[in-house]
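**Q**
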Amino acid sequence: AQSVSQHNHHVILSEAASLELGCNYSYGGTVNLFWYVQYPGQHLQLLLKYFSGDPLVKGIKGFEAEFIKSKFSFNLRKPSVQWSDTAEYFCAVINQAGTALIFGKGTTLSVSS
Amino acid sequence: GAVVSQHPSRVICKSGTSVKIECRSLDFQATTMFWYRQFPKKSLMLMATSNEGSKATYEQGVEKDKFLINHASLTLSTLTVTSAHPEDSSFYICSARGSKNIQYFGAGTRLSVL
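As you go down the protein sequences, you meet chains A and B in turn. The opening residue of the first sequence carries number 108 in our numbering; numbering runs sequentially from there. The opening residue of the second sequence carries number 40 in our numbering; numbering runs sequentially from there.
Below is the structure:
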């Protein structure tokens, strides 16, 4: 079955530090990949997505992610985090049937000011 | 952007009662909506896929008689937790699929069964 793995359960950073959150997926075919963010008390929001083309995708709020097919990875990055980036981050992939999202377990990011 | 409204945000009920949760796409039509359950420190678990005008598709292990889903219009899907028990206490989240296969999420419903 398809799966998504997020390596980091909880990441703690100081403001201005660089961020990289790991995400690996299991399916080897054509993939549609997403990063969602859930700020405290808010609903899930789309950060960025990859369908095809340039493997380096840019999202909102300065986030970017790189699709590396050979590594089955779609890591999320941000050069300099802010306190307001404190949130839960979820990596997701569309299932093989193209009908539903499969989520990773999420990574909690805590940024101290 | 696309907005999905979920209601209520929080509900507390007695064991044995039924609870209905609504999910509405406010500014777009969604032929497909999804219902998830989120456990503490866990990812979102897909419960079922709701298709307008047809029966919902339930994931393995999800009791369809327990979690009734109705998707009567292009903007509304409802999840009814029937005869709720304490083990049904959880955070339930809906999403609606928009263009380009992007899902837009509701704010979730915290269900507490006493």
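Beta carbons are placed, not taken as given, at the ideal position from N, Cα and C, and that holds for glycine.
At 9 Å on the CB atoms, spell out the chain C contacts of K81 (chain B), in chain order.
**A** The displayed structure is made up of protein chains A and B, and chain C is not among them.
**Q** Going by the DSSP bridge assignment, what does E102 (chain B) pair with across the sheet?
**A** E102 (chain B) is not bridged to any residue.
**Q** What do you get for R49 (chain B), buried or exposed, if any count of 16 or more other CB atoms within 10 angstroms of its CB means buried?
**A** exposed
**Q** Leaving aside the five residues before and after Q68 (chain B) along the sequence, list all residues of the same chain whose C-beta is less than 7 Å from its C-beta, in chain order.
**A** Short of 7 Å from the beta carbon of Q68 (chain B), and not among the five residues preceding or following it, lie these beta carbons of its own chain, in chain order: L113 and T114.
**Q** Would you say F141 (chain A) and S82 (chain B) are within 8 Å of each other, going by their C-beta atoms?
**A** no
**Q** Taking 8 Å as the CB-CB cut-off, is Q149 (chain A) touching chain B?
**A** yes
**Q** Are the beta-carbon atoms belonging to Y143 (chain A) and V111 (chain A) less than 8 Å from one another?
**A** no
**Q** Would a check of beta-carbon distances place G100 (chain B) closer than 8 Å to chain A?
**A** no
**Q** My guess is that F73 (chain B) and S89 (chain B) are in contact by the Cβ rule of under 8 Å, so how many angstroms apart are they, rounded?
**A** The beta-carbon distance between F73 (chain B) and S89 (chain B), rounded to whole angstroms, is 7 Å. This is short enough to meet the 8 Å contact definition.
**Q** Report the rounded CA-to-CA distance for H124 (chain B) versus I51 (chain B), giving the unit in angstroms.
**A** 11 Å
**Q** With respect to the beta strand (DSSP E) encompassing A135 (chain B), which residues constitute its N-terminal and C-terminal limits?
**A** S129 to R136
**Q** With C-beta atoms as the reference, is L150 (chain B) less than 8 Å away from S122 (chain B)?
**A** The answer is no: Cβ separation not under 8 Å.
**Q** Considering Q142 (chain B), what are the terminal residues of the beta strand (DSSP E) in which it resides?
**A** Q142 to F144
**Q** Taking a cut of 8 Å between CB atoms, which residues from the region 130 to 144 of chain B lie near chain A?
**A** I132, S134, K139, N140, I141, Q142, Y143 and F144
**Q** Answer with yes or no whether the minimum CB distance from A207 (chain A) to chain B is below 8 Å.
**A** yes
**Q** Enumerate in chain order the residues of its own chain whose CB-to-CB distance from Y157 (chain A) is below 6 Å, with the five nearest sequence positions on each side excluded.
**A** Closer than 6 Å at Cβ, skipping near neighbours: L140, V164 and F174.
**Q** Starting from L153 (chain A), trace the beta strand (DSSP E) in both directions and tell me its first and last residue.
**A** Segment L151 to Y157, the beta strand (DSSP E) holding L153 (chain A).
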